[in-house]
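Contents: one structure, followed by commentary.
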Ligand SMILES: Nc1ncnc2c1ncn2[C@@H]1O[C@H](COP(=O)(O)OP(=O)(O)O)[C@@H](O)[C@H]1O
Ligand SMILES: [Mg+2]
């Protein structure tokens, strides 16, 4: 299986890159061989994407060299890198939403005569390529109609159409469901067996250990070391990444017993947003308890969370919080009762990216914290400072825009805001998706602390390890219907998988 | 019966003539906005083109020279917009508005400086004057040369945008410039060319107003047509054919306005209509009208 003794095809030799005073890469040595999957891991902001930009010709190193097939090169842009057989799938997809799959894949290299487009032959070419890799993509579908997993496949096709020898995948699994991620890893294996070199950036150590031939760890711009997966485990990699040991998935017992029932949901029906909707869902959850909601993405989880927060109106059923009926109460009034929400899409729903940290830290409580018609600057400042201190917000200043934080810090800010005055009911969706271990550990620790402080927490997650590590019990949704309830001890992958697929355990 | 038909034909004919300048300008807007540059300056580019055409006709007595001068000045004004919007990443709306004020003001100033008469230029050789000087037949064709050209350009623009590589690349640049750049497409170049081309077309629309429809330039003669053209771009969902249809529609109302001059319908009501319809279009009543995703967004490489 691990036959990575092909020649080195792409290498960075002692490269450094600075952004002003910030050293993003310092004397980094990194290479990848033909027929090898080389994983690069490190915390958010460790400099992984920067290193990839250097390899792909998007930026130039301040010092050091990039070599292809052992010869030093200087790419003037990524077009040169592509010519040298390097292809990259970016962390944030670069697709033209309104164009079809085929138009995106062939962009810049469209077949046709005398400047005219030949749609049919380009769709045929893309269909051939997609079928070859087992992608169920219709070349004529507009990309805007595709889900995350399919978009990723389009990005891969863009690179494969150019027959790249080296593929750089920057956090390809961050937005994927576990099923989609494992499908992606099958493709990665396939690419390796075709003799291509793959550089893979990922956060989930388990994934990394199972697909990579070699793992290099980057911390604060420097290479900490390279290991082979046979000689490493998650704990060791975690230690290398953050410099202290972290066991992300360890269960931490609850302090004290859960109290009375806080949340009572009776036969709730919620219309669908993008998923399946929710049908006849009932649940009682106690204060001081974390109820995990498992399921394949789009099976009613988001509808449930949104109905509880007041973003989506149920068509039937009732929701009561601490004995009060809140079924048709507004979000603002629910917040007054202590309902808090960590949404699944932190950049779109959790933050206003162009607002400052202070302003973002205030969102949702702006009405309550005003004095007359103004919000005292001091109140805002104090709140933001407290969150920054408690959550170790890297690069914090009250005026920094939310856009300028890494994903991990953005999520710290959201969770910090939602928990800044405690919560009666906390709704959390995919809270550590795409976060590095350090940030994920902070978020999980805070959720546990909120539980111990008496919050009733509903945790929607697509990460089964996360559910087992945090939840006191796990409810599985399939097609908007609860198909089972498990204790974390009984929730092995097989059982969960069956319930998630709608097969009774 | 016969007279009703005659009235209908006249109204339709005038509608086409009235929509021609709008078609030029709207086509210019469609092209630049599909590449991601909003051109609020169409009004000013039309005014610049109208004045330049009169000036060229005055000095050379040549109609081709007049048309070329109109196109050239429209393009030159657009180049200013392009430089600020693309190279300096300035706010496109503000630069466009500045150009409107500048072009209209400069034309007014030059009227006084060159002709010594504020308000209007002297009469010059125009498309309508050749109609009276040469025989019928050919003259009629020549008279309407600019109208035919507008129709031809609509078809050209449609084919280029949707059937050619360069058109696809242009739309990619207006939708997701970064993806285009990574695919090896020169985003800056395409935006420059599209913006200047848009200005050239607006300039042609202006030339039609001054030397096509009448034979002089007067202050305020563009009279908001640049903005109506922008409305037509939106109403036509940023497509050449759609905007063409919208321009014909707006032209029909100008034509009715002339026909109903002695009727009881206030002219202002009809003048208002294009804008009201644009609001309707934007509100989604004619189906979703959605601009290119990066329309108006400066690109930073
Ligand atoms: N273009 C840039 N300008 C300034 N700073 C940057 C730029 N790109 C990245 N950085 C900074 O460099 C550091 C490394 O970033 P990055 O390579 O994106 O990290 P990673 O991909 O490992 O999360 C971060 O602190 C980031 O803020
Ligand atoms: Mg990154």
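Residue numbers (our numbering), protein chains in the order written: chain A, 54 to 558; chain B, 585 to 885. We put the CB at the ideal spot given by N, CA and C, even for glycine. Here the structure is a predicted model, which means the values were calculated and not measured.
{"query": "Meets three-Cβ-pair contact criterion under 8 angstroms: the stretch 627 to 639 of chain B and the stretch 653 to 668 of chain B", "result": "yes"}
{"query": "Near-chain A residues of the stretch 739 to 760 of chain B (beta-carbon distance less than 7 angstroms), N- to C-terminal order", "result": "747, 748, 749, 750, 752, 756, 759, 760"}
{"query": "Check: residue 97 of chain A C-beta below 7 angstroms from any heavy atom of ligand 1", "result": "yes"}
{"query": "Any C-beta of chain A under 8 angstroms from that of residue 817 of chain B", "result": "no"}
{"query": "Of the listed residues B:760, B:857, B:713, nearest to residue 879 of chain B (C-alpha basis)", "result": "B:760"}
{"query": "Beta-carbon contacts of residue 851 of chain B that lie in its chain and below 6 angstroms, excluding the five residues immediately before and after", "result": "841"}
{"query": "Chain B within 8 angstroms of residue 551 of chain A, Cβ atoms only", "result": "no"}
{"query": "Beta carbon of residue 354 of chain A nearer than 8 angstroms to that of residue 346 of chain A", "result": "yes"}
{"query": "Three-state class that DSSP yields for residue 382 of chain A in the structure shown", "result": "coil"}
{"query": "Residue from B:590, B:876, B:675 whose Cα sits closest to the Cα of residue 614 of chain B", "result": "B:876"}
{"query": "8 angstroms Cβ cutoff, residue 165 of chain A in contact with chain B", "result": "yes"}
{"query": "Residues that residue 91 of chain A bridges to, as DSSP identifies them", "result": "A:252, A:267"}
{"query": "Cβ distance (whole Å) where residue 749 of chain B is taken to contact residue 163 of chain A below 8 angstroms", "result": "5 angstroms"}
{"query": "Per-residue burial, residue 332 of chain A [other beta carbons within 10 Å of its own, 16 or more giving buried]", "result": "buried"}
{"query": "Distance, residue 408 of chain A Cα to residue 312 of chain A Cα", "result": "38 angstroms"}
{"query": "8 angstroms Cβ cut-off: residues of chain B touching residue 127 of chain A", "result": "Result: empty, since nearest Cβ-Cβ is about 18 angstroms, beyond 8 angstroms."}
{"query": "Cross-chain neighbours of residue 762 of chain B in chain A, by beta carbon under 8 angstroms", "result": "147"}
{"query": "Residue 442 of chain A classed as buried or exposed, judged by whether at least 16 other C-beta atoms fall within 10 angstroms", "result": "exposed"}
{"query": "contact_flag[the stretch 237 to 246 of chain A, the stretch 259 to 273 of chain A] where n(CB pairs < 8 angstroms) is 3 or more", "result": "yes"}
{"query": "Closer than 8 angstroms to chain A by CB, residue 600 of chain B", "result": "no"}
{"query": "Distance between residue 121 of chain A and residue 543 of chain A (C-alpha atoms, nearest Å)", "result": "50 angstroms"}
{"query": "Enclosing alpha helix (DSSP H) for residue 536 of chain A [first to last residue]", "result": "Looking at the DSSP string, residue 536 of chain A is not in any alpha helix (DSSP H); the run it does join, the beta strand (DSSP E), is 534 to 539."}
{"query": "Residue-level contact to chain B via CB, residue 131 of chain A, 8 angstroms cutoff", "result": "yes"}
{"query": "Rounded Cβ spacing between residue 323 of chain A and residue 356 of chain A (contact assumed at less than 8 angstroms)", "result": "4 angstroms"}
{"query": "Proximity below 8 angstroms, CB of residue 268 of chain A to CB of residue 280 of chain A", "result": "yes"}
{"query": "The stretch 274 to 288 of chain A contacting the stretch 73 to 90 of chain A, beta-carbon criterion three pairs below 8 angstroms", "result": "yes"}
{"query": "Buried/exposed call for residue 283 of chain A, threshold 16 Cβ in 10 Å", "result": "exposed"}
{"query": "Touching by the beta-carbon criterion (3+ pairs, under 8 angstroms), the stretch 590 to 603 of chain B and the stretch 758 to 776 of chain B", "result": "no"}
{"query": "Whether residue 786 of chain B touches residue 667 of chain B by CB criterion (8 angstroms)", "result": "no"}
{"query": "Pair within 8 angstroms by beta-carbon distance, residue 621 of chain B and residue 775 of chain B", "result": "yes"}
{"query": "3-residue-minimum beta strand (DSSP E) runs that sit fully inside the stretch 422 to 481 of chain A, ordered along the chain", "result": "none"}
{"query": "Assigned secondary structure, residue 753 of chain B (DSSP; H/G/I helix, E/B strand, else coil)", "result": "helix"}
{"query": "Neighbour-count burial assignment, residue 72 of chain A, 16 or more Cβ in a 10 Å radius", "result": "exposed"}
{"query": "Distance between residue 435 of chain A and residue 298 of chain A (C-alpha atoms, nearest Å)", "result": "32 angstroms"}
{"query": "Assigned secondary structure, residue 371 of chain A (DSSP; H/G/I helix, E/B strand, else coil)", "result": "strand"}
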